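Following: one structure in structure tokens, then a few remarks.
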Amino acid sequence: CLLDRGHKKIKGLKGFPLVVKPATGGSSLGLSIADNPAQLKSAINSAFQYDKKIIVEEYVAGREITVGIFEDRPLEPIEIKPKQRFFDYRAKYASGQTEYIVPARLPFKTMALLKQAALKAHAVLGCSFFSRVDIILAADNNPVVLEVNTIPGFTATSLLPKAALERGIPFTELVSRICRQAFPAKEQTERTSAERVGV
């Protein structure tokens, strides 16, 4: 359910818990889990501090997984195990707050399903070359895509670099390959634009 400040009536969602977050942004800033109406009101007010539009959605219980996409191919899934209830800003950036299992300890078939779901989300949204897809592996072992990070983090604790390193791609090489892919595309766009105007 997408809400703006003028329309705060939630439609199509029944029961708790609910996840409330800004429609844009990142790093889980403004994200809350509401277990009752009072918490929901507080969560909505908090999310509106970060964006003019917010998302309220059903909370999906399960194992938190992220799948990096590099060179339009999936890397190995990573399981995220934060010490607190969910993977919030502190869990993402404070040392020792989250355990990362690289690669996730899951059956081959499940890993394949996760990769397939991530690659499909990457393609459907028109992502190019790299992204990172956040997924909940529900109790029935079905992957539920939460979101696609089109510009994933590149810090010391970030997950795409962790997945790439597990594949044998060190951080400097990861960045170099992304840059080499980007510059030819930029040059081609500039040439095409110049040709259109007859330069």
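With our numbering applied, the sequence shown covers 47 to 245. Glycine included, each C-beta is placed from N, C-alpha and C at the ideal position. All figures in this text were calculated on a predicted structure; none of them were measured in a lab.
#1: Apply the 10 Å Cβ neighbour rule to residue 195 and answer buried if 16 or more other Cβ atoms are within range, or exposed otherwise.
#2: Please name the residue, chosen from 66, 72, 105, that lies closest to residue 88 on a Cα-to-Cα basis.
#3: For residue 170, which of 201, 118, 105 has the nearest alpha-carbon?
#4: Can you tell me where the beta strand (DSSP E) holding residue 181 begins and where it ends?
#5: Are the Cβ atoms of residue 158 and residue 179 separated by less than 8 Å?
#6: State the start and end residues of the unbroken beta strand (DSSP E) segment that holds residue 200.
#7: Give me the Cα-Cα distance between residue 172 and residue 198, rounded to the nearest whole angstrom.
#8: Determine whether the beta carbon atoms of residue 205 and residue 112 lie at a separation below 8 Å.
#9: Within a Cβ cutoff of 8 Å, which residues of the same chain sit near residue 184, ignoring the five residues on either side of it in sequence?
#10: Taking the straight line between their C-alpha atoms, what separation do you get for residue 145 and residue 192?
#11: Return the CA-CA distance between residue 126 and residue 212, expressed in angstroms with no decimal places.
#12: CA-CA distance, residue 101 and residue 166?
#13: Judging by CA-CA distance, which residue of 207, 155, 174 is the nearest neighbour of residue 148?
#14: Under the DSSP definition of a beta bridge, which residues are partnered with residue 64?
#15: Quick one: is residue 177 buried, meaning 16 or more other Cβ sit within 10 Å of its Cβ, or exposed?
#16: Can you check DSSP and say which residues form a bridge with residue 112?
Reading it off the structure:
#1: Indexing the sequence shown from 1 puts residue 195 at position 149. Answer is buried; the Cβ neighbour count reaches 16.
#2: Numbered from its first residue, the sequence shown carries residue 88 at position 42. For the residues 66, 72, 105, the minimum Cα distance to residue 88 belongs to 66.
#3: Indexing the sequence shown from 1 puts residue 170 at position 124. Looking at the Cα atoms, 118 is the closest of the given residues.
#4: Position 135 of the sequence shown holds residue 181. Its beta strand (DSSP E) spans residues 176 to 183.
#5: Residue numbering aside, residue 158 sits at position 112 when the sequence shown is read from its first letter. Residue numbering aside, residue 179 sits at position 133 when the sequence shown is read from its first letter. For residue 158 and residue 179, no; Cβs fall outside 8 Å.
#6: Mapped onto the sequence shown, residue 200 falls at position 154. Where residue 200 is concerned, there is no enclosing beta strand (DSSP E), given that its DSSP letter is neither H nor E.
#7: Counted from its first residue, the sequence shown places residue 172 at position 126. Counted from its first residue, the sequence shown places residue 198 at position 152. C-alpha separation (whole angstroms): 15 Å.
#8: Mapped onto the sequence shown, residue 205 falls at position 159. Mapped onto the sequence shown, residue 112 falls at position 66. Residue 205 places its beta carbon less than 8 Å from that of residue 112.
#9: Position 138 of the sequence shown holds residue 184. So the qualifying residues of the chain are 106, 107, 108, 190.
#10: For this step, residue 145 is matched to residue 99 along the sequence shown. For this step, residue 192 is matched to residue 146 along the sequence shown. Taking the straight line from one Cα to the other gives about 20 Å.
#11: In the sequence shown, counting from the first residue as 1, residue 126 sits at position 80. In the sequence shown, counting from the first residue as 1, residue 212 sits at position 166. Looking at the two C-alpha atoms, the distance is approximately 15 Å.
#12: Taking the first residue of the sequence shown as position 1, residue 101 is located at position 55. Taking the first residue of the sequence shown as position 1, residue 166 is located at position 120. Answer to the nearest angstrom: the Cα atoms are 22 Å apart.
#13: Along the sequence shown, read from residue 1 onward, the residue named residue 148 stands at position 102. Nearest option by C-alpha distance: 207.
#14: Reading the sequence shown from its first residue, position 18 is the one you call residue 64. Its beta-bridge partners are 80, 104.
#15: For the purposes of this step, residue 177 is identified with residue 131 of the sequence shown, where counting begins at 1. The residue in question, residue 177, is buried, as its Cβ has 16 or more Cβ neighbours within 10 Å.
#16: Position 66 of the sequence shown, counted from the first residue, corresponds to residue 112. Residue 112 pairs with 124, 180.
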